Each structure stands twice: as C-alpha cells, then as structure tokens.
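Below you'll find the structure, written out as structure tokens, and then a few comments.
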Amino acid sequence: MLWFAFLRLIGLLTTLLAASLVIFVVLEVIPGDPAEVMLGLNAQPDTLAALRAELGLNAPLSTRYVNWLLGMLRGEFGVSYTYSVPVSELIGERIQVSLPLATGALILSTVIAIPIGVYSARYHGKVIDTGIMSIAQIGIAIPNFWIAILLVYVFAIVLRVLPSGGFPGWDVSFFGSLQALLLPVIALALPQASILARVMRSALLDVLHEDYIRTARAKGLSNKATLWRHGVRNALIPVLTILGLQFSFLIAGTVIIENLFYLPGLGRLIFQGITQRDLIVVKSSVMLLVALTIFVTFLVDIAYAAIDPRLRRRA
Amino acid sequence: MNQELPSYPPLASFDEISIWKKAFHSRSFVIGAVLALVILIAGVTSVFWTPYAIDVLDVSKRLKPMSSEFWFGTDQYGRDIFSMLMVGARTSIIVALIAVGIGMLIGVPLGLLAAAQKGFLEELVMRTNDLIFAFPSLLSAVLITSIFGPGTINAVIAIGIFNIPVFARVARGGALSLSGREFLLAARLSGKSSFLITLEHVIPNIANLLIVQATIQLSLAILSEAGLSYLGLGTQPPMASWGRMLYEAQTMVAFAPQLALYPGFAIIFSVLGFNLLGDGLRDLLDPKMRRRVA
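These protein sequences, in sequence, are chains A and B. Counting along the first sequence from 1, when you hit position 178 you're at 1017 in the numbering used here, and nothing is skipped either side. Counting along the second sequence from 1, when you hit position 221 you're at 1554 in the numbering used here, and nothing is skipped either side.
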C-alpha cells in the first residue's frame, strides 16, 4: 500500500510539473509578449519596456519558468497588475467563496443522490424507478446556469426571499453569506445529483447480483439490512470515482455560476483576470485549480486502493 | 449418419432485422432519435429558411408575446425567437459535430497506437491523456478562447481538444479487450501488418463503442458550447446561439422571464436527445453494457 501511494505520489508530481509547463506555454509563450497582451495594442513603448522589466520578461524563458515555479513553492504568486495586490492575497480571499461553494454543492448532490439511487435500485423495474430515472435523465441535460437563472427568478424576483447575487463576506454577515451561497450551491448541485443518482443505482444493481448478497439473505439477514450493509457499502466504490471526477466539473462550473451570481470567487477572479488581461492572476489561479483537481484525483486513487486491494497491483 | 444440417438464414441479414426490430422497441432509442432528428432538421432548415431574419433589429416589435405571427414571441431587440432557436440549433450541431470529429480523428488513432505499441509510446499517450483530464474542461476552454479570441472556431477547437483523450481512452480500451482473440491471431498468421490488422479488424470491432461514445460526447459538446457562449466567449452576434440567448435573457428576467425558458428548453431537448440516443444505441449494440452509466 505504501509503495502504491509512493508511486502515485511521483505520478502526481510529474503531472503537476507537466501541467505547470502547459499553463506557462499557453499564457507566456504562445501570446508572444505578455506585456503587450496586458497593456493592449495602443501601449506606449516606454510603458511596455517598464512593464517588461517589472515582470522580468527580459530574462530567458527557462529562467522565467523556473522563477515562477520557485515563487509558487514559496507562496509568492506575483503581484496582480490590475489590483496591485499580491495574487496570493487575492486567491486567499476568493477561495473563501469558491471552496464553500464547491464543497457545498458536492455535499448537497451526494445527500440528494445516494438515497434516491438506492431507492430506485430497490424498486428496480417498478414505475417509481422508471419515473425517478426519467427525471434524472432530464436533470443531466439541464445546464446549471439555466437552473440558476430560474432559481433567481423564483426566489429573488418573485418570492424575494433570497438575494439574486453578490456576497457580503463572512466577517460582515455570516448568515447573509450563507444565504448568498444557497442558490449557487443548489444550481451547481442538481445536475451533478442527477448523474450521481444514476451511478448509485446502477452500481447497486450490479452489486445486488453478487453471490454474497444471496448469502447474506440466506443466513437470515433482512432485506433492508442486506441492502444497506452489504449492497450500498460495496456500491459506494464506483460512486467515489464519479465524485472525484465531479469535483473537476464543479470547479469548472464555478466559473459560470460565480459570474452569474456576482460571487467574488476564484472562477470569477480567473474570468475577470482573462478579460482584464491580467496574466499574472490568471496563470497562478489556473495553476491552483488544476493542482487542486490533480490532488483530488490522487486522493480518490488512494482511497480506491485502500478499499480494494486488487487495484494496488496496477500501479 | 447422414443427418442434414439445419439451415440458418444468412447471419448478416438476421442481425440487421433483429437490430431494427429491437431499435423500435427501445424507448430510449426512439425518443432520442426523434429529439435529435427534430434539432437536426431545425438546424439544417435554418440554412435555407427561417420565419424572420435574425440579424435585423426592430425595436418596435420588441417583447411580443406568442402569436401566430411570432410563434414564440420576440426578444428585447425585436428578433423572432423561433428563428433564433433554429439558427441556434445549427450553431450547436455544427460546433458539436466538428468538436467531436476532432476528438475522434485525433483521439482514436492515438488510442489504437497506444494499444498496439506497448511501452514508451503507450505511456506517453496515456500520461498526456491524464494531463488533459487534469484541466477542468470548461476552465481551459475559457482560457483558450480568451487567448485566441472569442468565436465559434476557437470554441470548436477548445471543446475538440477535450474530446481527444476521451476517444483515445475508449479506442485503447476497446483494442486491448480484443487482443489475443483468435481472429486477430489468424490475421497476424496470414502475414498482415499491424496497420492493416488495425484497419480491417480492430476498427470495425470497436466501431460500436466509438459510436456510443460519440453520441454522448455530442451532448456534452452542446452543453459546453452553450456555456462558452453564455460567458460571451463562443458564438458571436449576429449569429444566434442558445447560450448567448440565455445570457441576453438573463438581464431581462424580471420583465420577460419567458425569454430564458425557450433557449433552456432547446438545450435540454437536444442534450436529452443525444443522451437517450447514446443509451439506446448502447443497449442495442452492446447488451453487456446495459444498465451501466458512463
């Protein structure tokens, strides 16, 4: 197990390194001159030269890449060009919105999906199962930003019980902040819950055909106890994989949802950074999100191997 | 022992008949095919004809309700919503088809190569795959379209890139599951090169898998295009796109909530259509995979 974890850790580090190289190439090499990108076409030559010097663009590419990596390792992400504050500060602020948003959506979708999936599998083939799965099928097809617009219409415009956007900040109003995140969390969670419910159902149906389920029933365990103790527990393994994958979707989803609700999160920071051509902000925040995704995949792999020893050999 | 062998109908035609018969009994397949066909017809028709031109703004006709004149009413600029939905269908289909095409054309050969040439090459292809998967797809699409400029073509490329590893993975998995099968060994014994074997024996045998995956990727591509256009990074006006329509409707949601309904329904309609079609095809083409969800 330790050896497996060690091998995966090396894989994690190489992927991180490769990802950083890709981001660096896309943002600093392909556009040509980052200073020109940031200042626009009508920039004066002397301002351009000043910015180039400030960003250290006169150094060779390899030096710039290594400096960027070393800086990030020390927790220095550079200074934002538009906000004139350290990027690490910006990220630290914004993650207080994005992290609760993404984890909230992950938890909500799991809480909705698992009981529904189990229920549907239990009544496999019955009308209720077909009904639930049809709803889930439609749920998968709904874009989260459409749900968000409808939620805003119903709860912010018609009923006026929740804010349509904005974020007061945790220290200003804790309850207000929770309220501000409620609709975004629901909008992000519902489509994911539909996918998860389907996975839960099919995983459970697969497990229920196993011999050990028959054994459990034969030794006198009740239907319900068999379902939960032997069925659901084993079916959770594929569900875990999907949860890991969904994290990446949720991260991407925050870009749209945070924009829609005017939430000052990481997704909006990146989007604004892109439109304001603040490459310093974009570079490091994208790297952070990618690193987070890679890390979650790594954790899922490890958890998977911990549950199912057969997988360790495949490292 | 002069027993006569029972006569069977020719295998191919027997298969064909049963598959069509099953197709019409598969609810997913029929509903999915109908939905996809409706979207397809709407998109193709929009090339020749729409009830109204969508690039003419006429404020005197703004926010008209549903009527026989404007089937779904008009938006805040006086454009006919039904016409815009038709053009939006065209945008969605073109973007999705080309993006999935890019993914297949590059991904499938890479996956087959990885399966045929074990060792360093396989490792390289699969690790590159993992790397692309590490980038949350929409996030990277936002990055790509913003650096190379917003627009339909860049949106297609951005979505296409993320289809490459999906098809590489499916093709490799399919090819590996065939390795060691008798007909491949026979082909090898007959002196065929691995390239020819791949072309003549492996690809036809994994075609089913690829078709099913392509259908599912089409629906994901439609969702991604809508997302990018919603953010203003995909299709640009005067071309219509469902995502863009939703973005424009959002500012009007307090006064004209119906504007947000139509494009949303159009997206759901088409994504649902391709998803059901994919599910139906999977049941028909690969009974072993039944009940599973990708």
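By construction, the Cβ of each residue, glycine as well, lies at the ideal position given by its N, Cα and C atoms. Note that the structure is a prediction, hence the values are computed from the model and not measured.
How would you call residue i, buried or exposed, if buried means at least 16 neighbouring beta carbons within 10 angstroms?
| i | result |
| --- | --- |
| aspartate 1612/B | buried |
| methionine 840/A | exposed |
| aspartate 1413/B | buried |
| alanine 1587/B | exposed |
| serine 973/A | exposed |
| tyrosine 962/A | exposed |
| isoleucine 1090/A | buried |
| phenylalanine 845/A | exposed |
| arginine 1514/B | exposed |
| proline 1596/B | buried |
| asparagine 1098/A | buried |
| phenylalanine 1137/A | buried |
| threonine 1114/A | exposed |
| threonine 1478/B | buried |
| arginine 999/A | exposed |
| leucine 1020/A | buried |
| arginine 1623/B | Only weak support is given to the placement of arginine 1623/B: the predicted model assigns it a pLDDT of 46, under 50, and the question is left unresolved by the model. |
| glutamine 1085/A | buried |
| glycine 1051/A | Contrary to the premise, residue 1051/A reads as tyrosine rather than glycine in this sequence. Answer is exposed; the Cβ neighbour count stays below 16. |
| tryptophan 842/A | exposed |
| alanine 1599/B | buried |
| glycine 1693/B | Any question about residue 1693/B goes unanswered here, given that chain B covers just 1334 to 1627. |
| serine 1473/B | buried |
| glutamine 1450/B | exposed |
My output table needs one value for residue i: the three-state DSSP class, helix, strand or coil.
| i | result |
| --- | --- |
| proline 873/A | helix |
| alanine 858/A | helix |
| leucine 909/A | helix |
| glutamine 1569/B | coil |
| glutamate 893/A | helix |
| valine 950/A | helix |
| lysine 1394/B | helix |
| aspartate 968/A | helix |
| glutamate 1456/B | helix |
| tyrosine 1341/B | Legend: pLDDT at tyrosine 1341/B = 49, less than 50; position of this residue unreliable, value from coordinates given subsequently. Looking at tyrosine 1341/B - three-state DSSP - the assignment turns out to be coil, as it is neither helix nor strand. |
| threonine 1383/B | coil |
| phenylalanine 845/A | helix |
| arginine 903/A | helix |
| methionine 1585/B | coil |
| glutamine 1115/A | coil |
| alanine 1627/B | Residue confidence for alanine 1627/B is low, a pLDDT of 35 falling below 50, so the modelled location carries little weight; the figure read from the coordinates is stated next. Alanine 1627/B falls in the coil class under three-state DSSP. |
| glycine 1008/A | coil |
| methionine 1578/B | helix |
| alanine 1593/B | helix |
| alanine 1064/A | helix |
If you draw a straight line from the C-alpha of residue i to the C-alpha of residue j, how long is it?
| i | j | result |
| --- | --- | --- |
| glycine 1484/B | tyrosine 1580/B | 16 Å |
| arginine 1625/B | alanine 1042/A | Residue confidence for arginine 1625/B is low, a pLDDT of 42 falling below 50, so the modelled location carries little weight; the figure read from the coordinates is stated next. Roughly 8 Å between the two C-alpha positions. |
| valine 1545/B | proline 884/A | 55 Å |
| glycine 1406/B | alanine 1422/B | 18 Å |
| isoleucine 1372/B | leucine 1610/B | 13 Å |
| glycine 1008/A | alanine 1026/A | 20 Å |
| methionine 1578/B | glycine 1005/A | 23 Å |
| asparagine 1496/B | leucine 1001/A | 38 Å |
| valine 1389/B | glutamine 1591/B | 21 Å |
| alanine 1504/B | phenylalanine 994/A | 46 Å |
| alanine 1144/A | glutamine 935/A | 31 Å |
| serine 1361/B | alanine 1032/A | 21 Å |
| alanine 1386/B | methionine 1417/B | 9 Å |
| leucine 1162/A | leucine 1047/A | Outside the displayed span of chain A (840 to 1154) sits residue 1162/A, for which this structure offers no information. |
| valine 1071/A | leucine 1396/B | 52 Å |
| asparagine 1487/B | valine 1475/B | 10 Å |
| glycine 978/A | isoleucine 1034/A | 8 Å |
Taking the DSSP output, what are the residues bridged to residue i?
| i | result |
| --- | --- |
| threonine 1407/B | Asp1413/B |
| valine 918/A | Pro925/A |
Give a single yes or no on whether residue i has its beta carbon closer than 7 Å to a heavy atom of the ligand COA.
| i | result |
| --- | --- |
| glutamine 1111/A | Among the components modelled here there is no ligand, and therefore nothing to report on the ligand COA. |
Taking beta-carbon pairs under 7 Å, can you tell me which members of the segment 1556-1567 of chain B lie near chain A? Leu1556, Ala1559, Gly1560, Tyr1563 and Leu1564
Against chain B: residues of the segment 1027-1055 of chain A by CB proximity under 7 Å: Arg1037, Val1038, Ser1041 and Leu1044
According to a CB-to-CB cut-off of less than 8 Å, which residues of the segment 1092-1105 of chain A neighbour chain B? Gly1092, Val1094, Ile1095, Asn1098 and Leu1099
Just by C-beta distance, which residues in the segment 1444-1474 of chain B are closer than 7 Å to chain A? Asp1463, Leu1464, Ala1467, Phe1468, Pro1469, Ser1470, Leu1471 and Leu1472
Determine which residues of the segment 1578-1590 of chain B have a Cβ less than 9 Å from any Cβ of chain A, and write them out in chain order. Leu1579, Tyr1580, Ala1582, Gln1583, Val1586, Ala1587 and Pro1590
Given a limit of 8 Å on CB to CB distance, which residues of the segment 976-992 of chain A reach chain B? Gln976, Ile977, Ile979, Ala980, Ile981, Pro982, Phe984, Trp985, Ile988, Leu989, Val991 and Tyr992
Quick one, which residues of the segment 1117-1141 of chain A are near chain B if we go by CB-CB under 8 Å, in chain order? So the list reads Val1121, Val1125, Leu1128, Val1129, Thr1132, Ile1133 and Thr1136, given in the order they occur along the chain.
Which of the residues in the segment 857-879 of chain A, read from start to end, lie with their CB under 9 Å from any CB of chain B? Correct list: Ala857, Ala858, Val861, Ile862, Val865, Leu866, Ile869, Pro870 and Val876.
Along the segment 1067-1095 of chain A, what residues have a CB closer than 8 Å to any CB found in chain B? Ser1087, Phe1088, Ile1090, Ala1091, Gly1092, Val1094 and Ile1095
Contact set between the segment 1591-1606 of chain B and chain A, restricted to residues whose Cβ is under 7 Å from the partner: Cβ contacts with chain A: Ala1593, Gly1597, Ile1600, Ile1601, Val1604 and Leu1605.
Between the segment 992-1010 of chain A and chain B, which residues of the former have a C-beta closer than 8 Å to a C-beta of the latter? Tyr992 and Ile996
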